[in-house]
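K.L.:
In the numbering used here, the protein residues as written are 821 to 927.
(1) State the Cα-Cα distance for the pair residue 886 and residue 840, rounded to the nearest angstrom.
(2) Take residue 883 as the anchor and find which of 876, 869 and 891 has the nearest alpha-carbon.
(3) Apart from the five residues just before and just after residue 835, which ones in its own chain have a Cβ nearer than 7 Å to its Cβ?
(4) In this structure, does DSSP put residue 895 in helix, strand or coil?
(5) By Cβ distance, which residues of its chain are closer than 7 Å to residue 881, with the 5 residues on each side in sequence left out?
(6) Give the straight-line distance between the Cα atoms of residue 914 and residue 922, rounded to the nearest whole angstrom.
(7) Specify the secondary structure class of residue 822 as computed by DSSP and reduced to three states.
(8) Using three-state DSSP, classify residue 879 as helix, strand or coil.
(9) Which of the three DSSP states is assigned to residue 929 in this structure?
Rendered as structure tokens:
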């Protein structure tokens, strides 16, 4: 069951510390798993990417199914509104900036 915290009557520092500690643990676990995935992809390249795509998205890909022709890309651009493309560009910028701030500065 999800624990609900009510801060309308004040903030309990003990609860905040508990949440902060839980966040640190979860971040370490996530970072470890992400590093394993990155290492696997660096070592096994496309084969690992195809396996992760199947594992996480349920889509079975291989080299013959992922190639997109220039013509397909050109046609895809014609199918979407300009505002949609602007929104995608903005999302890319925002996500990139957000994750740049998350990068470790030392190894």
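Idealized CB from N, CA, C, for every residue including glycine.
Fair warning: this is a prediction, and the values are worked out from it, not measured in the lab.
P.N.:
Reading off the structure:
(1) Working through the chain shown from its first residue, we reach residue 886 at position 66. Working through the chain shown from its first residue, we reach residue 840 at position 20. Approximately 41 Å, taken between the alpha carbons.
(2) As a working mapping, residue 883 is identified with position 63 in the chain shown. The residue with the shortest Cα to Cα distance from residue 883 is 869.
(3) On the chain shown, position 15 is the one that residue 835 refers to. Around residue 835: 825.
(4) Taking the first residue of the chain shown as position 1, residue 895 is located at position 75. Here residue 895 sits in helix by DSSP.
(5) As a first step, residue 881 is located in the chain shown; it is residue number 61 there, counting from the start. Counting only residues of its own chain and dropping the five nearest sequence neighbours on each side, residue 881 has a CB closer than 7 Å to the CB of 870 and 873.
(6) On the chain shown, residue 914 is found 94 positions in, with the first residue counted as 1. On the chain shown, residue 922 is found 102 positions in, with the first residue counted as 1. Counting only the Cα atoms, residue 922 lies some 13 Å from residue 914.
(7) Reading the chain shown from its first residue, position 2 is the one you call residue 822. Residue 822: coil per DSSP, three-state reduction.
(8) For the purposes of this step, residue 879 is identified with residue 59 of the chain shown, where counting begins at 1. Reduced to three states, the DSSP call for residue 879 is coil.
(9) Any property of residue 929 remains undetermined from this structure, which presents the chain solely from 821 to 927.
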